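Number of protein chains: 2
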Amino acid sequence: MATTDKASPRDRLLDAAAELFYRDGVSIGVEALCRSAGVSKRSMYQLFDSKDEVLAASLERRAPGYAARLMPGPDDAGTPRERILYVFEQAEKASAEPEYMGCPFLAAMVELKDPEHPASVVARAAKETLQEAFRVQAELGGAADPALLARQLMLVFDGASARAGAKLESLDGLTVETVRTLLDAAGVA
Amino acid sequence: MATTDKASPRDRLLDAAAELFYRDGVSIGVEALCRSAGVSKRSMYQLFDSKDEVLAASLERRAPGYAARLMPGPDDAGTPRERILYVFEQAEKASAEPEYMGCPFLAAMVELKDPEHPASVVARAAKETLQEAFRVQAELGGAADPALLARQLMLVFDGASARAGAKLESLDGLTVETVRTLLDAAGVA
DNA sequence: AAGCCTGTACACCGATCGGTTTCCTCTTGG
DNA sequence: CCAAGAGGAAACCGATCGGTGTACAGGCTT
C-alpha cells in the first residue's frame, strides 16, 4: 500500500498539495490535486474554503519540518558561526537531490505575485522566522550589525533557492563559501 | 493616443507580453494578452506558433534594453570594481519603483519550472550573459577567483530579485553593501 | 436496527484555457 | 477602379478551470 493509505483525507490532501504545488507550481488544478491525494473534490471543499486555503495550509504544515531540517537542534553544541553555516550546509545537501527546486515558500510567493494571498502570508512568516533566527545567531556571534548580516544571509539563501529552482546553479559549496566571507566581514568568529 | 498606436502588431504584442507576463505571471491568458495589445488572436497566431513562443520572443526582445540599463556603457570610465557596483546601484534604483518585481528572466524561469521551455532557454542565456560580464570585470579587477566571484554576484543579484518580486525586501543599499564585502574579500580594488 | 456522519463518485455549473476558423473591413499597389 | 492581402471581431473547438449539487456506501453510536 502507498504510504498515505491510513492517513486522514486532510493529511493526504495537504501532503499531496505540498508535493504538487512545489513540483508543478501553484497552477496545478484542483482535479489533479484531489486525484493524486485520493480524496474527492467534495471532501476537499468540506475541509477547506478554497484551493487558495489548501495551498496556505499545506505551506503551514510544511513549515516546522522545513525549519527543523535546516536548523540545528537548540541543544546541539556549536558556535553561532557554526550554527549559521549549518543552515547552508543543509540546504546544499538538499540541493543534491534532483527534485530539489529551492525554498518552497519563496517559490510560492514568486509564483503568486500577491503578498495578500493567504499562502503568501504563511510563506512570509516562514521567511521571517528564518531571518530572525539568523539575526539572533548573528547577535550571539558578535556581528557588527546583526540585522544587516541576517538580511545578507537571506539574500544568499534566497538567491540560491531561486537559482536552484531555475536550474541555474549546482551549489557545490558556493553558498557556504559566500556565507563564510560575509561572516568574516561581520566579525562573527 | 496610446504610445503603442503606431507600432506594428508584432511590436505591440511583444511589448504587451513583456509587461503582462512580468506583472501578472506567465499564466496570463492569450485572450487578455491580445486584448491588451490591441491585436487579434488570429494575428498573434499568424506571427507566432504558440503562446510559449510569444513569451520567449518577448523576453528576447527585452534582453538588450535590460542589459543596457544595468551595465555601464563600454566606453564609460571606471574601474572594474566601479563597473560591478554600478550594476547593483542600477538594480536598487529600479527597485524603488513600486512596479518593480525583480529580474523578469529569473521570474519567468521560476514560474515555468521547465528548463527546456523556449522562454527558459532565452532567460538562461540572458543570465549567463550577465554572469560572464561579471566574470570579465572580476578578472580585470584582479579577483583571486573571477569565476567564483561572478557566481557569488549572481547569487546576490538573483536573491535580491526574488525577494523584491516576493515583496520581502526594500533593498536600501543592501545589495551594494553586500557586494562591496564580496569584492573586498576577492581582492578587487 | 435506525439514524448519522464521512467520504466517494460523478454529473454539472459558468468561465476560461490555448488554439482555429470564418467573415468582414480596411489599406495599398497595379 | 479594382483585386489582393493584412488584420480585426467574434464564433467556435475540446479541454480544463475552481467550485457545487446529488446520490450512495461504509462505519459510528444509541
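First to last, the sequence lines map onto chains A and B.
In terms of our numbering, the first sequence is residues 13 to 201.
In terms of our numbering, the second sequence is residues 13 to 201.
We put the beta carbon where it would ideally sit given N, CA and C, even for glycine.
Quick caveat: nothing in here was measured; it's all calculated off a predicted structure.
> Taking the alpha helix (DSSP H) that E123/A falls in, what are its first and last residues?
Replying inline: Here residue 123/A is taken as the residue at index 111 of the first sequence, counted from 1. Segment P116 to L124, the alpha helix (DSSP H) holding E123/A.
> Is it the case that the Cβ atoms of P130/A and R147/A are separated by a distance below 8 Å?
Replying inline: Taking the first residue of the first sequence as position 1, residue 130/A is located at position 118. Taking the first residue of the first sequence as position 1, residue 147/A is located at position 135. Contact flag unset, no.
> Are there 16 or more other CB atoms within 10 angstroms of the CB of V42/B, so buried, or fewer, so exposed?
Replying inline: The residue labelled residue 42/B in the question sits at position 30 within the second sequence. Exposed, by the Cβ-count rule.
>> Ignoring anything shorter than 4 residues, give me the alpha helix (DSSP H) runs that lie fully in the region 21-57 of chain B, in order along the chain.
In response: Runs found: 21-36 and 42-49.
> Buried or exposed: which applies to Q149/A, given that a residue is buried once 16 or more other Cβ atoms fall within 10 Å of its Cβ?
Replying inline: Locating residue 149/A in the first sequence gives position 137, counting from the first residue. Under this definition Q149/A is a buried residue.
> Can you name, in chain order, every residue of its own chain whose Cβ lies under 8 Å from the Cβ of G90/A, other than the five neighbours on each side?
Replying inline: Counting from 1 along the first sequence, the entry for residue 90/A is found at position 78. If we look at G90/A and ignore the five residues flanking it on each side, its Cβ neighbours are P84 and Y98.
> So, is the C-beta of V188/B closer than 8 Å to a C-beta in chain A?
Replying inline: Mapped onto the second sequence, residue 188/B falls at position 176. No, V188/B does not count as interfacial toward chain A.
> Excluding the five sequence neighbours on either side, which residues of its own chain have a C-beta within less than 8 Å of the C-beta of Y34/A, listed in chain order?
Replying inline: Position 22 of the first sequence holds residue 34/A. Same-chain partners within the cutoff: M113, P116 and A119.
>> Between K125/B and chain A, is the shortest Cβ-Cβ distance under 8 Å, so that the two count as touching?
In response: By one-based count along the second sequence, residue 125/B stands at place 113. Any Cβ of chain A closer than 8 Å to the Cβ of K125/B would place that residue at the interface, and such an atom is present.
> When burial is assigned at 16 or more other CB atoms within 10 Å of the CB, is E109/A buried or exposed?
Replying inline: Taking the first residue of the first sequence as 1, we reach residue 109/A at position 97. E109/A should be labelled exposed.
>> Are the CB atoms of P21/B and S48/B within a distance shorter than 8 Å?
In response: Against the second sequence, residue 48/B aligns to sequence position 36. Against the second sequence, residue 21/B aligns to sequence position 9. Taking 8 Å as the Cβ cut-off, S48/B and P21/B do not qualify as a contacting pair.
>> Is there a Cβ of chain A sitting closer than 8 Å to that of L67/B, yes or no?
In response: Here the question's residue 67/B lines up with position 55 in the second sequence. No, L67/B does not count as interfacial toward chain A.
> Do V191/B and V168/B come within 8 Å of each other at the CB atom, strictly closer than that value?
Replying inline: For the purposes of this step, residue 168/B is taken as the residue at position 156 of the second sequence. For the purposes of this step, residue 191/B is taken as the residue at position 179 of the second sequence. In contact: V168/B and V191/B (Cβ atoms closer than 8 Å).
>> For the region 92-114 of chain A, list every residue whose C-beta sits within 9 Å of some C-beta in chain B, in sequence order.
In response: M113 and G114
> Are there 16 or more other CB atoms within 10 angstroms of the CB of L186/B, so buried, or fewer, so exposed?
Replying inline: Reading the second sequence from its first residue, position 174 is the one you call residue 186/B. The residue is buried, with at least 16 neighbouring Cβ atoms inside 10 Å.
> Under a CB-based cut-off of 8 Å, is V122/B close to chain A?
Replying inline: For this step, residue 122/B is matched to residue 110 along the second sequence. Yes, because at least one Cβ of chain A sits closer than 8 Å to the Cβ of V122/B.
>> Give me the residue from A197/B, V122/B and V66/B with the minimum Cα distance to L160/B.
In response: As a first step, residue 160/B must be located in the second sequence, where it is residue number 148. That would be A197/B, whose Cα lies nearest to the Cα of L160/B.
> Counting along the chain, where does the alpha helix (DSSP H) carrying V99/B start and finish?
Replying inline: Looking up residue 99/B in the second sequence gives position 87. That run of the alpha helix (DSSP H) goes P92 to A106.
> Does L71/B get closer than 8 Å to chain A when you measure Cβ to Cβ?
Replying inline: Translated into the one-based positions of the second sequence, residue 71/B becomes position 59. The Cβ of L71/B sits no closer than 8 Å to any Cβ of chain A.
> Which same chain residues, not among the five before or five after A68/A, have their C-beta less than 6 Å away from its C-beta?
Replying inline: Translated into the one-based positions of the first sequence, residue 68/A becomes position 56. Cβ neighbours of A68/A beyond the five flanking positions: P130, A131 and V134.
> Which two residues bound the contiguous alpha helix (DSSP H) that contains K8/A?
Replying inline: Here chain A has residues from 13 to 201 only, and residue 8/A is not among them.
> Does the Cβ of D170/B have 16 or more other Cβ atoms within 10 Å, making it buried, or fewer, making it exposed?
Replying inline: Start at 1 with the first residue of the second sequence, and residue 170/B comes out as number 158. Buried: at least 16 other Cβ atoms inside 10 Å.
> So which residues of chain B does V168/A contact, with C-beta pairs closer than 9 Å?
Replying inline: Indexing the first sequence from 1 puts residue 168/A at position 156. Neighbours of V168/A on chain B, chain order: Q164, L167, V168, G171 and T190.
> Cα-Cα, which of E128/A, A178/A and A106/A is closest to E9/B?
Replying inline: This structure does not reach residue 9/B, given that chain B is present from 13 up to 201, and the question cannot be answered.
>> Tell me which residues share the same chain as V66/A and place their Cβ nearer than 6 Å to its Cβ, disregarding the 5 neighbours each side in the sequence.
In response: Here residue 66/A refers to the residue found at position 54 when the first sequence is read from its first residue. The beta carbon of V66/A lies closer than 6 Å to those of A29 and F60 in the same chain, with the five residues before and after it left out.
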